Ligand code: NAP
């Protein structure tokens, strides 16, 4: 198969490496990274087709993805523009989009709404962006370039959605940034450093507190107004709950309203491939294998599998993540 257009990637970490893996079969992916060892690994593992040493090596590329840490995105985009001008589309993957407003060039902002708390090329996965929304911002009205990036996003298996930079930043403050602030705060409120016993609920709610602190410091600074406003609303809700509990009020309606909204979301959403089932497992030999065999017989694919809260002699739970609603519902019926 002859590879199609040449695509550049600067920053071969979790996101850049995953984009390279997702595109490299259909496109010729040229990669550049800060560390020589990252580039060597990417070449050896076939994550990229060739390496670029300087921006000029992207001259023949149709588009260059900027996948460096958030604090570096603005400078990297403007350095690329200075070197290549309007000869290529420049598209970033930064988690905040307002910072590129006003940047000249064929700039299409992007934000893949997928990730993990890991970083670096070794954490890159071909399917990381599968089924995830990928938000695109056309800063300078370059419609043909937007269409081209949409095509690339679709070939990664992701779902392109277009919005303005300010719509994006307000949305992510609500659906992603607030959650990180809450997770970091909860860990600091609860753990003192040598804790051994925690509930599985704590683990669920705080998974993202293992995310890169420097990235989240940058996000907090770059999306400050929206985050301050979302934290304000959240603090009001927490204070009101605290007041109601202190006053001995019935808080069932508050929890029911949240449960109802959350349950509805699980069935509707494709976002972050999040169709999750928890299945109790006994401590008996082979109990996990038996569950997995049943699902395999029914041709159900599991995206991700974790054993939670497992202690010798007590058993635990399996956390199974499915790619789509069909597999999720089928698995639920089988394991009921
Ligand atoms: P990452 O795994 O740490 O990868 C960052 C990459 O940038 C690495 O290839 C690294 O190079 C390179 N790099 C590091 N410092 C640099 C510097 N000072 N100058 C130039 N290159 C540098 O990070 P990531 O999670 O992929 O994040 C990259 C971008 O994706 C960020 O802008 C972030 O906002 C965005 N994003 C992240 C997530 C997520 O969940 N992590 C989700 C959506 C979007 P070497 O490894 O070669 O040293």
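Numbering (the working numbering), first residue to last: 49 to 384. No residue lacks a Cβ here, since even glycine has one placed at the ideal position from N, Cα and C. These numbers were taken from a predicted model, which means no experiment stands behind them.
Residue i: CB within 7 Å of a non-hydrogen atom of ligand 1
| i | result |
| --- | --- |
| residue 169 | yes |
| residue 139 | no |
| residue 164 | yes |
| residue 96 | no |
| residue 258 | no |
| residue 220 | no |
| residue 368 | no |
| residue 270 | no |
| residue 277 | no |
| residue 354 | no |
| residue 116 | yes |
| residue 216 | no |
| residue 126 | no |
| residue 63 | yes |
| residue 120 | yes |
| residue 340 | no |
| residue 152 | no |
| residue 184 | no |
| residue 228 | no |
| residue 60 | yes |
| residue 225 | no |
| residue 263 | yes |
| residue 334 | no |
| residue 86 | yes |
| residue 160 | yes |
| residue 447 | Residue 447 is absent from the model: the chain starts at 49 and stops at 384. |
| residue 142 | yes |
Span of the alpha helix (DSSP H) around residue i
| i | result |
| --- | --- |
| residue 64 | 62-71 |
| residue 342 | 335-345 |
| residue 146 | It is not in any alpha helix (DSSP H) - residue 146 carries neither H nor E in the DSSP assignment. |
| residue 249 | 248-254 |
Residue i, DSSP secondary structure in three states
| i | result |
| --- | --- |
| residue 152 | coil |
| residue 212 | coil |
| residue 189 | coil |
| residue 241 | coil |
| residue 141 | coil |
| residue 108 | coil |
| residue 271 | coil |
| residue 288 | helix |
| residue 174 | coil |
| residue 280 | helix |
| residue 75 | coil |
| residue 184 | strand |
| residue 379 | helix |
| residue 369 | strand |
| residue 100 | coil |
| residue 301 | helix |
| residue 136 | coil |
| residue 114 | strand |
| residue 348 | coil |
| residue 80 | strand |
| residue 354 | strand |
| residue 51 | coil |
| residue 318 | With a pLDDT of only 48 at residue 318, under the threshold of 50, the placement of this residue in the model should not be trusted; the figure read from the coordinates follows. In this structure, residue 318 counts as coil in the three-state DSSP scheme. |
Residue i: first and last residue of the uninterrupted beta strand (DSSP E) it sits in
| i | result |
| --- | --- |
| residue 84 | From DSSP, residue 84 is part of no beta strand (DSSP E) but of the alpha helix (DSSP H) over 84-92. |
| residue 324 | 323-329 |
| residue 56 | 54-58 |
Within-8 Å CB hit, residue i to chain C
| i | result |
| --- | --- |
| residue 247 | Annotation note: the requested chain C is absent from the structure, which comprises a single protein chain. |
| said: With three or more C-beta pairs closer than 8 Å as the rule, is the stretch 112-128 touching the stretch 54-63? | reply: A contact between stretches requires three or more CB pairs, one per stretch, nearer than 8 Å, and the stretch 54-63 meets this requirement with the stretch 112-128.
| message | Using 8 Å as the cut-off, can you tell me whether the stretch 246-263 makes contact with the stretch 204-212, which would need three or more C-beta pairs spanning the two stretches below that distance? | response | no
| request: Take every Cβ of the stretch 331-346, pair it with every Cβ of the stretch 292-304, and state whether three or more of those distances are shorter than 8 Å. | output: no
| request: Say whether the stretch 84-96 touches the stretch 120-132, bearing in mind that this needs 3 or more beta-carbon pairs closer than 8 Å, one atom from each stretch. | output: no
| contact_flag[the stretch 99-106, the stretch 239-255] where n(CB pairs < 8 Å) is 3 or more | no
| said: When you compare the stretch 222-236 with the stretch 65-83, are there three or more beta-carbon pairs, one atom per stretch, that lie closer than 8 Å? | reply: no
| field | Cβ contact (3+ pairs, closer than 8 Å) linking the stretch 154-173 and the stretch 284-293 | value | Short answer: they don't touch.
| At least 3 beta-carbon pairs within less than 8 Å: the stretch 163-182 vs the stretch 61-70 | yes
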